[in-house]
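*Asks:* Following this message is one structure expressed as structure tokens.
Numbering (the working numbering), first residue to last: 258 to 591.
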């Protein structure tokens, strides 16, 4: 076979099986020094180049389709919506806690004067409710939105916070077991500081009354602890009607009375100490809690294990979903 190139006849071998497609094309359709093929074979060369480029595009696309067709990386809908359901409960619970806490502060006028919280000697129980609500709301929001939007940043925040809380709970449990005397002293100080503020905050008052009635106790170590409160103090400088008394929650309940007598503790400590147990509880609340814990150790352990399993389950769901998302994103780079 022969073609014209620069006015000269060029002969090419008929056997082209040993040449590659590109080399064969250049040998079949040689170029002039200026880069142009002869006018006689230019149409055929262009037709072959179009077909060759089209085949290269098909081969390239086939290779990509081959990868995605056999890739198993995908986000599991089960883990995704299970994590969402897991967190929506905590999110709604956080909203409830925040709503109750803000409502309680509104009733006490704290929202209009936040300095009331700092003026208390003890702790305001509403603060604990709000803190729990903020944590639950934040974690629930991060978990729900992170799961629905497949946002790795929010999921990592949720997972990391749950891990931190889990280890903090574990550390507190271990330290409380190892340093029981220190924990007992701290609880005594905490209880005594709240006794001083018994009449300053209605929520704190209700909390102490509930604790004393449920455990049939009075004060941290006994009824004498109520001398720390200015209203129940027995000193001569006190002119309160509750002087030398105790709160009604310290009184031994009378089965015959259907209405709670809120004045049953008045002037009780004026009597001889040997007669106190006839009308009020003489055991301290710290002692009552120490005796309550061994009797209910299985319940306490069960609650702790249940909370831990829920946290571990949430961590597992979050980490699994993060791994799926990262696998899918990694597959997009090929």
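Positions of the beta carbon are idealized from the N, C-alpha and C atoms, including for glycine. Since we're looking at a predicted model, the values are computed, not measured.
1. Please classify residue 345: does DSSP put it in a helix, a strand, or coil?
2. Which whole-angstrom value describes the C-beta separation of residue 383 and residue 361, a residue pair presumed to lie in contact below a C-beta threshold of 8 Å?
3. Identify which residue in 359, 475, 370, 511 has its Cα closest to the Cα of residue 386.
4. By Cβ distance below 8 Å, which residues in the same chain neighbour residue 577 in space, the five residues on each side in sequence not counted?
5. Could you give the C-beta distance for residue 536 and residue 509, rounded to a whole number, given that I count them as a contact under 8 Å?
6. Out of 404, 368, 372, 583, state which residue places its alpha-carbon closest to the alpha-carbon of residue 343.
7. Run through DSSP, which three-state label would residue 380 get?
8. Once DSSP output is grouped into helix, strand and coil, what is the label at residue 285?
9. Among 420, 469, 584, which one has its Cα closest to the Cα of residue 540?
10. May I ask you to list the residues that DSSP assigns as paired with residue 508?
11. Report back the beta-carbon spacing between residue 409 and residue 583 to the nearest angstrom; my notes put them in contact at under 8 Å.
12. In chain order, what residues of the same chain have a beta carbon less than 8 Å from the beta carbon of residue 459, not counting five sequence neighbours either side?
13. Residue 443 lies in the alpha helix (DSSP H); which residues open and close that run?
14. Put residue 523 into one of helix, strand or coil per three-state DSSP.
15. Can residue 429 be considered in contact with the ligand ZN, in the sense that its beta carbon sits closer than 7 Å to one or more heavy atoms?
16. Residue 295 by DSSP, collapsed to three states: which one?
17. Compute the Euclidean distance between the alpha carbons of residue 390 and residue 528, then round it to the nearest angstrom.
18. Note the first and the last residue of the continuous alpha helix (DSSP H) segment covering residue 555.
19. Please state whether the Cβ-Cβ distance between residue 351 and residue 397 is less than 8 Å.
20. Have a look at 356, 561, 581 and flag the residue whose alpha-carbon is nearest the alpha-carbon of residue 425.
21. Run the CB neighbour count on residue 547, radius 10 Å, all protein chains shown included, and call it buried at 16 or more, exposed below.
22. Got a sec? Which residues, its chain only, sit under 8 Å from residue 572 by beta carbon, not counting five neighbours each side?
23. Exposed or buried, which one is residue 451 when buried takes at least 16 other CB atoms within 10 Å?
24. Please state the DSSP three-state secondary structure of residue 402.
*Replies:* On the basis of the coordinates in this document:
1. What you label residue 345 is simply residue 88 of the chain shown in a count that begins at 1. Looking at residue 345 - three-state DSSP - the assignment turns out to be helix.
2. Along the chain shown, read from residue 1 onward, the residue named residue 383 stands at position 126. Along the chain shown, read from residue 1 onward, the residue named residue 361 stands at position 104. Sure, about 5 Å apart at Cβ, within 8 Å.
3. If you number the chain shown from 1, residue 386 lands on position 129. Considering only alpha carbons, the answer is 359.
4. Stepping through the chain shown from its first residue, residue 577 is reached at position 320. Answer for residue 577: 333, 336, listed in chain order.
5. As a working note, residue 536 is residue 279 in the chain shown. As a working note, residue 509 is residue 252 in the chain shown. About 6 Å; that satisfies the 8 Å criterion.
6. The residue you call residue 343 lines up with position 86 of the chain shown. Residue 404 is the option with its Cα nearest to residue 343.
7. Taking the chain shown and counting its residues from 1, one reaches residue 380 at position 123. Note: residue 380 maps to coil in three-state DSSP.
8. Here the question's residue 285 lines up with position 28 in the chain shown. Caution is warranted here: a pLDDT of 44 is assigned to residue 285, below 50, making its placement in the model unreliable, and no coordinate value can be reported.
9. Within the chain shown, the letter at position 283 stands for residue 540. Checking every option, the nearest Cα to that of residue 540 belongs to 469.
10. Mapped onto the chain shown, residue 508 falls at position 251. In DSSP, residue 508 forms a bridge with 537.
11. Taking the first residue of the chain shown as position 1, residue 409 is located at position 152. Taking the first residue of the chain shown as position 1, residue 583 is located at position 326. 7 Å between Cβ atoms; contact.
12. By one-based count along the chain shown, residue 459 stands at place 202. Contacts found: 365.
13. Taking the first residue of the chain shown as 1, we reach residue 443 at position 186. Looking at the DSSP string, the run of the alpha helix (DSSP H) that includes residue 443 is 437-453.
14. Taking the first residue of the chain shown as position 1, residue 523 is located at position 266. Looking at residue 523 - three-state DSSP - the assignment turns out to be coil, as it is neither helix nor strand.
15. You won't find the ligand ZN in this model; it holds no ligand whatsoever.
16. The residue labelled residue 295 in the question sits at position 38 within the chain shown. Residue confidence for residue 295 is low, a pLDDT of 41 falling below 50, so the modelled location carries little weight and cannot support an answer.
17. In the chain shown, the residue the question calls residue 390 occupies position 133. In the chain shown, the residue the question calls residue 528 occupies position 271. One Cα belongs to residue 390, the other to residue 528, and the distance between them is close to 46 Å.
18. Taking the chain shown and counting its residues from 1, the one referred to as residue 555 is at position 298. 554-588 is the extent of the alpha helix (DSSP H) around residue 555.
19. Taking the chain shown and counting its residues from 1, one reaches residue 351 at position 94. Taking the chain shown and counting its residues from 1, one reaches residue 397 at position 140. Yes, these two residues count as a Cβ contact at 8 Å.
20. Here residue 425 is taken as the residue at index 168 of the chain shown, counted from 1. Taking only the C-alpha atoms, the option nearest residue 425 is 561.
21. One-based indexing of the chain shown puts residue 547 at position 290. Classification for residue 547: exposed.
22. Counted from its first residue, the chain shown places residue 572 at position 315. Hits under 8 Å: 416, 419, 420, 423.
23. For the purposes of this step, residue 451 is identified with residue 194 of the chain shown, where counting begins at 1. By the 10 Å Cβ count, residue 451 comes out buried.
24. Walking along the chain shown from the start, residue 402 turns up at place 145. Here residue 402 sits in helix by DSSP.
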